[in-house]
Amino acid sequence: MMTTQKRLLSLATITVLTGGAVFAFTNTDGFNTQDETVSDVATTDTTVTKVSTSRVSGTPSIQKLMSAGMVQTYPGDPALKKNSFRVDPIVLSAPKELKLKEKDGYRYITVPLILHNKEGTSDGYSVYRPNAFSINDGHGHDYAPVDYISHNKKAWKYEHQYIAPNRLVMDVVYHVPKNANTFVMFASSDAFPKTYTVKISID
């Protein structure tokens, strides 16, 4: 399948770039798939997931992580306004309706992901799991989403099915240390043809 090929390509690319580094981006399931219906707001464990707790020798830098994407972009990039996939400017807080608890030394960031395949048909679906897109700080720390909100029930079903040609806006929330200011998201899906790396900078 296309999804399997993209995952293998993503892993192979980053392994070559890092010379066998411990870290690799993958687009794997971060949440359990529901059998029947999915609500607009899905709450998950707010524990931050890390690949390691200390800097790993040979850990890929932000620049190397970015080079793994066929499309290298950032939130609010005007060059991608017409692309089927893009990222809107981040919000330095979590949506209030999620009622997430604060933790000393950490902050929430919300990354709005836009997917709109206008040329697709509603006859089938593409596998799309933005709720599993992790972000990496370039120091060996990988942060998985802690929560998310889907803004279109018709566009995204069962936590993995994107139905074209609907427009989907998804707010993906991360819980990261306050002293970490730059991250890279690796995004890959059947729903769009190229892999993306997104540089997220917090001023």
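If you read the sequence shown in my numbering, its first letter stands for residue 1133, the second for the next number, and so on.
Where a beta carbon is used, it is the ideal one built from N, C-alpha and C, also for glycine.
With a threshold of 16 other beta carbon atoms within 10 Å, L1224 falls short and is exposed. For the pair Y1294 and A1323, the CB atoms are nearer than the 8 Å cut-off.
Shown here, P1325 sits in a strand according to DSSP, grouped into three states.
Closest in C-alpha terms to D1335, from the list Y1257, I1246, A1312, comes A1312. Of the candidates N1263, V1304, F1318, P1297, the residue whose Cα lies closest to the Cα of Y1240 is V1304. For N1284, the CB contacts under 8 Å within the same chain, skipping 5 residues up- and downstream, are N1298, R1299, L1300, V1301 in chain order. In chain order, L1197, M1198, S1199, A1200, G1201, V1203, Q1204, T1205, V1316, M1317, F1318, A1319 place their CB closer than 8 Å to the CB of T1329, counting only its own chain and leaving out the 5 sequence neighbours on each side. L1247 carries a strand assignment under DSSP once its states are collapsed to helix, strand and coil. DSSP places L1197 in no beta strand (DSSP E) but in the uninterrupted alpha helix (DSSP H) bounded by 1194-1198. If you draw a straight line from the Cα of G1256 to the Cα of K1310, it comes to about 42 Å. The residue from H1292, H1248, E1251 with its alpha-carbon nearest to that of N1263 is H1292.
With respect to L1245, V1278 sits apart: the two C-beta atoms are not nearer than 8 Å. Taking 8 Å as the cut-off, the Cβ atoms of G1252 and A1296 count as close. Looking only at K1250, K1228, D1236, the smallest Cα-Cα distance to K1214 is reached by K1250.
Annotation for G1208: D1220, P1221 place their beta carbon closer than 7 Å to its own, counting only its chain and skipping 5 residues before and after. Cβ contact annotation for K1326 (same chain, cutoff 7 Å, sequence separation greater than five): M1202, V1203, in chain order.
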